Amino acid sequence: MYIGDIEKKIFHTSQCEKVKEINHQTFFFIEAEALKEHYHYCPYCAAVMAYYHQDRQNIDDFVNDYHLSFHFNNQDGTIDVMTRYSRWKLYASDRKLSLYHHNEFATDFDEATKIKDYHRQHVHKESIIDYLQYIISHDAFRKNNPYEPPQTMKDRHLTKNSKKYRKEQRHIRKIKGKITARKVNELLRDLHK
535 MYIGDIEKKI FHTSQCEKVK EINHQTFFFI EAEALKEHYH YCPYCAAVMA YYHQDRQNID
595 DFVNDYHLSF HFNNQDGTID VMTRYSRWKL YASDRKLSLY HHNEFATDFD EATKIKDYHR
655 QHVHKESIID YLQYIISHDA FRKNNPYEPP QTMKDRHLTK NSKKYRKEQR HIRKIKGKIT
715 ARKVNELLRD LHK
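For what it's worth, the working numbering labels the leading residue of the sequence shown as 535, then goes sequentially.
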């Protein structure tokens with residue numbers, strides 16, 4: 535159950551300490567209901583903030599040491615992290631952290647993610663500090679190994695019924711099949727939580 539502050543348009547969990555300060559309140563059974571009414575997440579009781587409050591001092595020190603932009607986004611209940619090279623979002627659902635990376639290239643996989651313009655990183659860590667360390671190492675890797683999109687069929691000018699063309703088409707179908715399977719597996723995993 536969630537409690538909404540009608541004046542500030544912020545919703546809280548029933549255990550939040552800020553509930554005592556609400557003069558005019560309304561109730562929601564699920565987060566989606568509050569978001570539909572244009573309420574924002576509380577910066578004290580949002581799921582992702584529970585992880586932040588557990589290790590606040592170390593996180594703040596790490597952010598300062600590596601010059602990261604780090605702030606709570608009350609619109610979508612995430613923590614936004616920006617480095618010189620990339621943008622990230624930390625999202626918590628069912629008290630489990632997930633990391634999303636900003637898309638630099640449009641893909642077919644983008645439509646299945648919970649956060650628009652971001653794709654989920656298949657990395658599982660226990661704390662925000664662990665994710666921040668992953669972000670730093672990811673940026674170092676990307677800096678040394680820049681991503682170059684593969685050549686497309688138009689770049690290669692393969693004739694339509696050649697062996698290379700057919701082989702390329704089989705490869706493309708195989709990749710699309712894997713992407714589809716990954717989408718289905720993620721949806722099933724989310725349903726079982």
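Note that the Cβ used here is the ideal one computed from N, Cα and C, for glycine as well. Here the structure is a predicted model, which means the values were calculated and not measured.
- By the Cβ criterion, the region 656-664 is in contact with the region 620-640, since at least three pairs of Cβ atoms, one from each stretch, lie closer than 8 angstroms.
- With a threshold of 16 other beta carbon atoms within 10 Å, residue 545 meets it and is buried.
- Rounded to whole angstroms, the separation of the alpha carbons of residue 712 and residue 705 is 11 angstroms.
- Inclusion of residue 582 and residue 624 in the CB contact set at 8 angstroms is warranted, their separation being smaller than that value.
- Residue 616 sits in a strand when the DSSP states are folded into three classes.
- In the assembly as shown, residue 615 is a buried residue. Its beta-carbon has 16 or more other beta-carbons within 10 Å.
- Contact between residue 600 and residue 709 does not hold, since their C-beta atoms are separated by about 34 angstroms, which reaches or exceeds 8 angstroms.
- For residue 632, the enclosing beta strand (DSSP E) stretches over residues 630-636.
- Residue pairing by DSSP places residue 561 opposite 537 in a beta bridge.
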